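> Below: one structure in C-alpha coordinates.
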Amino acid sequence: MSSHRRIIMLAGELADELSNFDADGLGTVELRGLMRGMTGTASALTRILDQLRDCPALVQPELDRPANRAVRSELEQAAAAAEDLRVTAESLYRLLPM
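Numbering-wise (the working numbering), the sequence shown opens with residue 381 and increments by one.
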(Lines of atoms letter the chains of each structure in order from A; the text may use other names.)
(Lines give C-alpha, C1' and ligand atoms only; values in the text may rest on other atoms or scores of the structure.)
Protein backbone atom coordinates (compact mmCIF):
# COMPACT_ATOMS: atom_id res chain seq x y z
CA MET A 381 0.00 0.00 0.00
CA SER A 382 1.40 3.42 -0.91
CA SER A 383 2.06 5.91 1.86
CA HIS A 384 -0.54 8.26 0.35
CA ARG A 385 -3.24 5.62 0.52
CA ARG A 386 -2.20 4.61 4.01
CA ILE A 387 -2.40 8.21 5.25
CA ILE A 388 -5.81 8.67 3.60
CA MET A 389 -7.06 5.47 5.24
CA LEU A 390 -5.59 6.40 8.63
CA ALA A 391 -7.10 9.90 8.46
CA GLY A 392 -10.54 8.35 8.05
CA GLU A 393 -9.94 5.90 10.87
CA LEU A 394 -8.68 8.67 13.15
CA ALA A 395 -11.76 10.79 12.39
CA ASP A 396 -13.99 7.83 13.27
CA GLU A 397 -12.15 7.18 16.52
CA LEU A 398 -12.11 10.85 17.51
CA SER A 399 -15.86 11.15 16.99
CA ASN A 400 -16.29 8.46 19.69
CA PHE A 401 -13.79 9.96 22.13
CA ASP A 402 -14.96 10.65 25.69
CA ALA A 403 -12.66 12.55 28.05
CA ASP A 404 -14.43 11.39 31.21
CA GLY A 405 -12.07 9.60 33.51
CA LEU A 406 -8.83 10.88 32.01
CA GLY A 407 -6.10 11.53 34.52
CA THR A 408 -3.22 13.97 34.28
CA VAL A 409 -0.91 11.45 32.64
CA GLU A 410 -3.50 10.66 29.95
CA LEU A 411 -4.22 14.37 29.41
CA ARG A 412 -0.54 15.11 28.96
CA GLY A 413 -0.24 12.24 26.48
CA LEU A 414 -3.32 13.46 24.64
CA MET A 415 -2.00 17.04 24.42
CA ARG A 416 1.40 15.79 23.22
CA GLY A 417 -0.32 13.66 20.58
CA MET A 418 -2.57 16.54 19.53
CA THR A 419 0.49 18.77 19.16
CA GLY A 420 2.14 16.27 16.83
CA THR A 421 -1.06 15.62 14.91
CA ALA A 422 -1.77 19.32 14.43
CA SER A 423 1.81 19.87 13.27
CA ALA A 424 1.50 17.08 10.72
CA LEU A 425 -1.88 18.38 9.54
CA THR A 426 -0.42 21.87 9.08
CA ARG A 427 2.35 20.43 6.93
CA ILE A 428 -0.08 18.36 4.86
CA LEU A 429 -2.46 21.28 4.32
CA ASP A 430 0.47 23.46 3.23
CA GLN A 431 1.53 20.76 0.77
CA LEU A 432 -2.00 20.43 -0.60
CA ARG A 433 -2.04 24.13 -1.50
CA ASP A 434 0.83 23.39 -3.88
CA CYS A 435 -0.73 20.17 -5.20
CA PRO A 436 -0.32 20.00 -9.00
CA ALA A 437 -4.05 19.38 -9.42
CA LEU A 438 -4.67 22.84 -7.95
CA VAL A 439 -1.79 24.92 -9.31
CA GLN A 440 -1.44 23.95 -12.97
CA PRO A 441 -1.93 27.11 -15.08
CA GLU A 442 -4.57 25.45 -17.27
CA LEU A 443 -6.49 24.52 -14.13
CA ASP A 444 -6.17 27.90 -12.41
CA ARG A 445 -9.88 28.46 -12.10
CA PRO A 446 -11.67 30.49 -9.44
CA ALA A 447 -12.75 27.26 -7.73
CA ASN A 448 -9.13 26.08 -7.45
CA ARG A 449 -8.06 29.47 -6.07
CA ALA A 450 -10.89 29.24 -3.53
CA VAL A 451 -9.76 25.74 -2.50
CA ARG A 452 -6.17 26.96 -2.08
CA SER A 453 -7.41 29.88 0.02
CA GLU A 454 -9.46 27.54 2.22
CA LEU A 455 -6.47 25.22 2.59
CA GLU A 456 -4.38 28.19 3.73
CA GLN A 457 -6.99 29.06 6.35
CA ALA A 458 -7.20 25.42 7.47
CA ALA A 459 -3.40 25.26 7.80
CA ALA A 460 -3.48 28.40 9.96
CA ALA A 461 -6.21 26.86 12.14
CA ALA A 462 -4.20 23.64 12.50
CA GLU A 463 -1.16 25.69 13.51
CA ASP A 464 -3.30 27.50 16.10
CA LEU A 465 -4.38 24.10 17.45
CA ARG A 466 -0.75 22.98 17.63
CA VAL A 467 0.25 26.08 19.60
CA THR A 468 -2.74 25.74 21.94
CA ALA A 469 -2.18 22.03 22.57
CA GLU A 470 1.50 22.70 23.25
CA SER A 471 0.60 25.45 25.73
CA LEU A 472 -1.93 23.22 27.46
CA TYR A 473 0.64 20.45 27.72
CA ARG A 474 3.04 22.82 29.49
CA LEU A 475 0.28 24.08 31.83
CA LEU A 476 -0.88 20.64 32.96
CA PRO A 477 0.48 19.52 36.32
CA MET A 478 3.12 16.84 36.24
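Don't be surprised by glycine CBs; every beta carbon is placed ideally from N, CA and C. On a predicted model such as this, the values are computed, not experimentally measured, just so you know.
Output needed for L465: all residues of its chain with C-beta closer than 6 Å, excluding positions within five of it in sequence on either side, in chain order.
The answer, listed in chain order, is A422.
> Would you mind stating whether L425 and A462 have Cβ atoms separated by less than 7 Å?
Yes, the Cβ-Cβ distance between L425 and A462 is below 7 Å.
> Can the beta-carbon of L414 be found closer than 7 Å to that of A458?
No, the Cβ-Cβ distance between L414 and A458 is not below 7 Å.
> Could you pull the start and end residues of the alpha helix (DSSP H) that P477 belongs to?
Unbroken run through P477: none, as it is neither H nor E.
> Quick test of the definition: if touching needs 3 or more C-beta pairs under 8 Å, does the stretch 466-474 touch the stretch 399-415?
Cβ pair count under 8 Å is three or more, so yes.
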